[in-house]
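J.: Numbered by the numbering used here, the letters in the sequence shown go through residues 74 to 258 in order.
All C-beta atoms, glycine included, are put in the ideal place defined by N, C-alpha and C.
Since we're looking at a predicted model, the values are computed, not measured.
This is the structure I want to talk about, given as structure tokens.
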Amino acid sequence: MMAEDWNDTFYDLFREAVGRYHEGHRNVDGFFTDQEIIFLSSIGCRTRELFDFVELYARTGEPSPTTVLLMAAARRDFFLTIQHGQFYQGKPVIGYDLPGFGDELSGLPYLPRLIAKARAKLVGSMGDDIIYCCENDRRFLREHGNIHPADFLRVVWAAGDSDPKVYDYVRQCTLSSAAKPVDGE
């Protein structure tokens, strides 16, 4: 596989994995072949992470295969550019490590939790009990300017450790979204 083909390989793998899930394969252990695991490792994607997206999509239809691909692209870029192809070796971030659901940043509840999850997604440090782009994440992003989850990852990456920069982006998206006229007006 050539580097420029990785996205097609990922997309095809995702679709095949959804098919496996619908056929009754419901356990991450043994779900992916050795070749698939090698491929996923080459782009910084953990098998558990992809399995969780496959399961979510198979059950709810969200996030879409293209959304998962775009998030994988952001993670891959971070993995290859910042981490130089080396996996995170520290302690995984688990649910208890995250800010609470009601924690606020400048009056926006849930944003600190979402930022922490996005950082963990980028670094590849998410524990098995959390997932970036769960229903609560998608709801927050939709309600605050219809921000795409992959775009949010890249904003968090660009902001570095500056949570206020992320807040400013979310606020601007929310204001821009509110200013758009509704169809028929």
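1) Quick one: complete alpha helix (DSSP H) runs, 4+ long, within the region 118–149?
2) Can at least three beta-carbon pairs, one atom from the region 223–242 and one from the region 192–202, be found at a separation below 8 Å?
3) Evaluate contact between the region 123–134 and the region 94–105, counting only Cβ atoms and requiring at least three cross-stretch pairs below 8 Å.
4) DSSP three-state call for Pro-222: helix, strand or coil?
5) For the structure I just gave you, are there three or more beta carbon pairs, one from the region 142–157 and one from the region 81–88, closer than 8 Å?
6) Taking Leu-187 and Tyr-240 to be in contact with their CB atoms under 8 Å, please state how far apart those CB atoms are, rounded to whole angstroms.
7) Report buried or exposed for Asp-78, applying the criterion of at least 16 other Cβ atoms within 10 angstroms of its Cβ.
8) Give a single yes or no on whether Tyr-240 has its beta carbon closer than 8 Å to a heavy atom of the ligand FAD.
9) I'd like the span of the alpha helix (DSSP H) that includes Asn-209, first residue to last.
10) Helix, strand or coil for Val-166, going by three-state DSSP, please let me know.
11) Nearest to Ile-167 by CA position, among Met-199, Ser-249 and Gly-233, is which residue?
12) Tell me the residue span of the alpha helix (DSSP H) that contains Pro-185.
13) Quick test of the definition: if touching needs 3 or more C-beta pairs under 8 Å, does the region 198–212 touch the region 156–167?
T.: Inspection of the coordinates gives the following:
1) 120–133
2) yes
3) yes
4) helix
5) yes
6) In fact, because the Cβ distance is near 11 Å, the residues do not count as touching under 8 Å.
7) exposed
8) With respect to small molecules bound, the structure shown includes none, and the ligand FAD cannot be examined in it.
9) 208–216
10) strand
11) Met-199
12) 184–196
13) yes
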